[in-house]
Structure formats: structure tokens, C-alpha cells
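*Asks:* Structure below; questions to follow.
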Amino acid sequence: MLNKKKLVDYKKVLQSRLSELLNEADRTVKNISETQGETSSDPTDQAVLELDRNRLLRFKDRERKLIRKIEKALNRIEDGSYGGCEACGSPINEARLKARPMTTLCIDCATEMESEKAKSKLFGGESTLPDDAGEDEGDDEANAV
Ligand SMILES: [Zn+2]
């Protein structure tokens, strides 16, 4: 398993990533409220503003997911379960942890879950927009080492 020094390193990485995200989320929220404050008589402008806001909200949703993952990983560092796969309990490959310190699954389980997700989409799950495929890091687990 991971030694203490490594855990501290991962913790630092996760914490700085988390504060980056929180800053970013802060800015996004400010952007949204500024946009909302703008008044325009031109209906085209209104539509553009609306579009922007939707995009921002979706972006924020991804961030939120990532933030939750990082917080979970930090909790796992605290309780000593960090570095082990949440699903099967085997140690997570260190190269994978380095590339994706917030992951809680080993590559096998992550790959399996990805294909489960793909299946549920295929068999008429939610009708997601195509850009959903380009999720930020944290969601495309299976693409990691
Ligand atoms: Zn596993």
C-alpha cells in the first residue's frame, strides 16, 4: 500500500486541485449572476445570454462532480482506505493514481463501469447531448492508465 509520504503528496495534489476548482466555480457563479443582471431589448441578445448561461451551468455540474470526487478521495486519505479500489478492494495501480489522484476504482472496475454506463445509454437511458462524451477528467476513468 501507499506509504505516508506518498499519501501526503497525493493529499497536496488533491487539495490544490480542489481549491483551483472552487475558485473556478466561484468565478463561474459570478459570471452567471452578472449575465443575469444585464438587460437587453434585443431578443437575439437574450437568446445568446440564455445559451451562455446553460453552458455555464452544465460546466458547473461537471465541476461539482469532480469536486465531490476529490473530497471523497481526501476523506479516503483520512480514513486510510485511499489507494484501494472501492469496488473490489485491490490496490490501484500507482501510475493510475498519479494520473488521476481522485480515482476510487482500479482500472478493471473502472473499465467495467464505463461499459455498464455505455450499455445503459445504448438501451435508452437518458438522451444526453453529444458533448456529454467529452467529460472532464474524473468521468472518463477508463481512459487512464
Ligand atoms: Zn477494482
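Positions in the sequence shown are counted from 1; adding 4 to them yields the working numbering.
We treat Cβ as the ideally placed atom computed from N, Cα and C, and that holds for glycine.
1. Which word fits residue 26, buried or exposed, when buried means at least 16 other C-beta atoms lie within 10 angstroms of its C-beta?
2. Can you give me the start and stop residues for the alpha helix (DSSP H) that residue 104 sits inside?
3. Going by DSSP, what residues sit across from residue 88 in a beta bridge?
4. Do residue 6 and residue 84 have their beta-carbon atoms positioned less than 7 Å apart in this structure?
5. Which class does residue 27 belong to by DSSP, given the choice of helix, strand or coil?
6. Ordered along the chain, which non-local residues of its own chain (more than five positions away) have a Cβ less than 8 Å from that of residue 75?
7. DSSP state of residue 6, grouped into three classes?
*Replies:* Let me spell this out:
1. exposed
2. Premise fails: residue 104 is in no alpha helix (DSSP H) and is neither H nor E.
3. 95
4. no
5. helix
6. 22
7. coil
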